[in-house]
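Since the structure comes first, as structure tokens, the remarks are kept for the end.
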Amino acid sequence: MCSNCGFPSAPGHWTDAGAPPGTDRVRARHRRAAVLGRVLPAWGLTVTDDTFIPGLTVSTRTGMHRMVADLGEFWTAAEDLSGRRIDPLDPDFLRRGR
Amino acid sequence: MTRDDGRIRLTLVGGFLGSGKSTWVRHQLHEGRFSGALVIVNEAAEAPVDNVLLAGAARMELLAGGCACCTGREAMVALLRDVCDRRTRPGGDAEPVEEILLETSGLADPGPIVEAIGSDPVLVHHVVLRETVVAVDGVDGLRQVAGEPLWRRQAQAADRFVVTKVDRADPEELRRLVATLASVSPGVPVEGVVMGSPAPLPDAGGAEPMPLADGGLDDRAILATRLTIDERTDWVTFAVWLSALLHARGDDVLRVKGVIRTPAGRLLLQSVRRVVQNPEILPEGFEAGATEDDTVAFIGRGFTEEDLRRSLDLFAEPR
Chain B
3 MCSNCGFPSA
13 PGHWTDAGAP
23 PGTDRVRARH
33 RRAAVLGRVL
43 PAWGLTVTDD
53 TFIPGLTVST
63 RTGMHRMVAD
73 LGEFWTAAED
83 LSGRRIDPLD
93 PDFLRRGR
Chain P
122 MTRDDGRIRL
132 TLVGGFLGSG
142 KSTWVRHQLH
152 EGRFSGALVI
162 VNEAAEAPVD
172 NVLLAGAARM
182 ELLAGGCACC
192 TGREAMVALL
202 RDVCDRRTRP
212 GGDAEPVEEI
222 LLETSGLADP
232 GPIVEAIGSD
242 PVLVHHVVLR
252 ETVVAVDGVD
262 GLRQVAGEPL
272 WRRQAQAADR
282 FVVTKVDRAD
292 PEELRRLVAT
302 LASVSPGVPV
312 EGVVMGSPAP
322 LPDAGGAEPM
332 PLADGGLDDR
342 AILATRLTID
352 ERTDWVTFAV
362 WLSALLHARG
372 DDVLRVKGVI
382 RTPAGRLLLQ
392 SVRRVVQNPE
402 ILPEGFEAGA
412 TEDDTVAFIG
422 RGFTEEDLRR
432 SLDLFAEPR
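Put into structure tokens, the structure is as follows:
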């Protein structure tokens with residue numbers, strides 16, 4: 003938890019379980035931002051995680067943004083910002099070529 | 122069986138009223154399984170009956186007057202918190218509880234119980250669900266399938282079915298019951314018992330599953346599939362993808378279960394609907410059922426194996 007802002011308030015989303023604390027955790031956060039960065043443009047969004055402060059930030063192309071504690075809150079915030087339902091099984095998403 | 126993370130192992134025993142839950146539990150205790158476990162019996166009715174049957178348990182608590190999934194939920198959470206508290210406090214229990222067997226009431230849906238534990242800020246760190254065993258009445262099961270929507274919710278939460286009263290059941294009906302279980306929860310093991318002792322079940326091959334009571338539930342076919350996690354898909358990729366999938370499709374993805382190799386160790390991952398249990402780190406060599414590492418089972422509806430694969434592939438690093 004950040005000792006200044008108390009964020010995030012609840013310890014440990016399940017997705018954080020795969021990396022032990024320390025450098026692996028920082029590496030995992032960079033990886034997480036990279037994975038999100040690959041798919042979010044499909045919904046007009048980008049993500050940033052500087053790994054110095056807890057949480058990650060999701061933004062629209064026009065600069066609206068929201069900071070969330072973990073992936074548990076992330077998708078709801080991302081849907082709010084994009085105004086669309088984010089479904090990884092959405093046929094339009096699945097049709098995207100590489 | 123040593124555990125790495127020190128959480129209390131919880132086994133849930135569910136099943137419809139009179140399906141033989143207590144008889145099965147009593148036999149397990151008699152056989153020496155769950156020795157030392159705290160047995161918690163939940164009674165929907167005020168009058169405790171089952172606890173008399175279960176006098177063989179080393180330690181036992183009764184939750185009477187409401188199902189742990191709804192009206193008795195707060196009482197269950199309070200009891201479990203108290204168990205955790207006594208276990209961790211200096212000068213608490215002389216023999217701390219390491220294992221809990223929770224027999225739900227016959228009217229309880231195991232899903233919300235798992236959710237209550239997973240969403241409680243204390244219990245989530247102290248209790249880990251080991252298995253949900255669902256007892257199915259061998260004699261009366263088919264009628265419950267047709268008439269009780271609750272039966273289906275119980276069946277969908279199962280990690281293992283125990284079909285009871287096999288000796289008194291009609292063999293044709295039993296075959297049909299086993300076929301029905303396979304259609305509701307594909308891939309979940311089914312065992313037969315008589316008074317808690319193992320008994321052979323007839324082969325269900327070719328038997329027609331019973332149409333289910335829907336009660337507002339979804340009628341689309343339920344699919345069981347397995348995804349293999351290849352080297353392009355590390356834990357982070359998989360976790361990001363699964364969090365998005367459960368956010369969007371949590372009502373359709375009924376169960377996810379598998380063991381994944383990560384930098385932190387082998388993670389046992391399991392979800393019931395939207396709730397993902399805080400993953401447990403398994404010791405090397407510890408077998409979690411029949412699943413191989415880096416293979417994850419999905420049970421649900423409204424998607425195909427190809428969709429899952431394609432979607433996960435789009436999250437993974439380009440080839």
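For the record, the sequence lines run as chains B and P. Read the first sequence against our numbering and you will find it ends at 100, with the numbers running on by one and no gaps. Read the second sequence against our numbering and you will find it ends at 440, with the numbers running on by one and no gaps. The beta carbon of each residue, even a glycine, is placed where N, CA and C say it ideally should be. This structure is a prediction, so every number in the text was calculated from the model and none was measured.
Query                                                                                                                                                                    : Result
Going straight from the alpha carbon of P/R440 to that of P/A256, what length do you get?                                                                                : 46 Å
Taking 8 Å as the CB-CB limit, is P/S364 close to chain B?                                                                                                               : yes
Can a CB atom of chain B be found closer than 8 Å to the CB of P/T358?                                                                                                   : yes
For a contact defined as C-beta to C-beta under 9 Å, what are the partners of P/L435 on chain B?                                                                         : R40, V41, A44, P90, F95, L96, R98 and R100
Would B/H32 be called buried (16 or more neighbouring beta carbons within 10 Å of its own) or exposed?                                                                   : exposed
Using C-beta distances below 7 Å, list every residue in its chain close to B/G46, excluding the 5 sequence neighbours before and after it, in chain order.               : T62, R63 and S84
Going along chain P, which residues have a C-beta under 7 Å from B/G20?                                                                                                  : W356, V357, A360, T383, P384, A385 and L388
Assign P/G193 to one of three DSSP states: helix, strand, or coil.                                                                                                       : coil
Check each candidate in P/R395, P/Q391 and P/P384 and name the one with the smallest Cα separation from B/A30.                                                           : P/P384
Is any heavy atom of the ligand GDP found at a distance shorter than 7 Å from the C-beta of P/V204?                                                                      : Of ligands this structure carries none, so the ligand GDP is not represented either.
Helix, strand or coil for P/V243? Go by DSSP, reduced to three states.                                                                                                   : coil
Taking only runs of the alpha helix (DSSP H) that begin and end inside the segment 211-258 of chain P, which ones reach a length of at least 4 residues, in chain order? : 231-240 and 244-247
Note down, in chain order, each residue of its chain lying with its Cβ closer than 8 Å to the Cβ of P/D421, except the 5 sequence neighbours on either side.             : Correcting the residue type first, residue 421 of chain P is Gly in the shown sequence and not Asp. The residues are I343, L344, R370, D373, V374, L375 and R376.
Any chance the segment 395-403 of chain P sits against the segment 298-310 of chain P, with 3 or more Cβ pairs inside 8 Å?                                               : no
CA-CA distance, B/F95 and P/F359?                                                                                                                                        : 17 Å
Suppose you measure from the CA of P/L244 to the CA of P/L201; what does that come to, to the nearest Å?                                                                 : 7 Å
Using a Cβ cut-off of 7 Å, pull out every chain B residue sitting near P/S240, in sequence order please.                                                                 : Neighbours of P/S240 on chain B: none; closest Cβ ~10 Å, over 7 Å.
For P/R297, which option in P/A328, P/G317 and P/L271 has the closest C-alpha, if you only look at C-alpha atoms?                                                        : P/A328
Can you look up B/H67 in the DSSP assignment and give me helix, strand or coil?                                                                                          : strand
Is the segment 273-284 of chain P close to the segment 219-236 of chain P, with three or more CB pairs under 8 Å?                                                        : yes
Against chain P, does B/D26 count as a neighbour if the rule is that its beta carbon must be under 8 Å from one of theirs?                                               : yes
What do you reckon, are the CB atoms on P/T349 and P/D434 nearer than 8 Å?                                                                                               : no
Roughly how many angstroms separate the alpha carbons of P/R130 and P/V218, rounded to a whole number?                                                                   : 9 Å
Where do the ends of the beta strand (DSSP E) carrying P/T425 lie?                                                                                                       : That residue, P/T425, is in no beta strand (DSSP E); it is neither H nor E in DSSP.
Can you give the Cα-Cα distance for B/A21 and P/V361, rounded to whole angstroms?                                                                                        : 13 Å
Give the DSSP-derived three-state secondary structure of P/T354 in the structure shown.                                                                                  : coil
Any Cβ of chain P within less than 8 Å of the Cβ of B/D37?                                                                                                               : Inspection of the sequence shows that residue 37 of chain B is occupied by Val rather than by Asp. Yes - at least one Cβ of chain P is within 8 Å of the one on B/V37.
Is it right to say P/R387 is buried, meaning 16 or more other beta carbons lie within 10 angstroms of its own, or is it exposed?                                         : buried
On the DSSP bridge list, what partners appear for B/S61?                                                                                                                 : B/T48 and B/H67
Would you list, in chain order, the members of the segment 60-89 of chain B that have their beta-carbon closer than 8 Å to a beta-carbon of chain P?                     : L73, G74, F76, W77, T78, R87, I88 and D89
Using 8 Å as the threshold, is the C-beta distance between P/L295 and P/V283 below it?                                                                                   : no
Find the nearest neighbour of P/P292 within the set P/Q265, P/A320, P/P310 and P/M316, judged by alpha-carbon distance.                                                  : P/A320
Which residues, taken in chain order from the segment 415-429 of chain P, show a beta carbon closer than 7 Å to some beta carbon of chain B?                             : F424 and D428
Could you compute how far the alpha carbon of P/R251 sits from the alpha carbon of P/E438?                                                                               : 33 Å
Is the beta carbon of P/L184 sitting closer than 8 Å to the one on P/I161?                                                                                               : yes
Check whether chain B comes within 8 Å of P/A369, counting only Cβ atoms and requiring the distance to be less than that.                                                : yes
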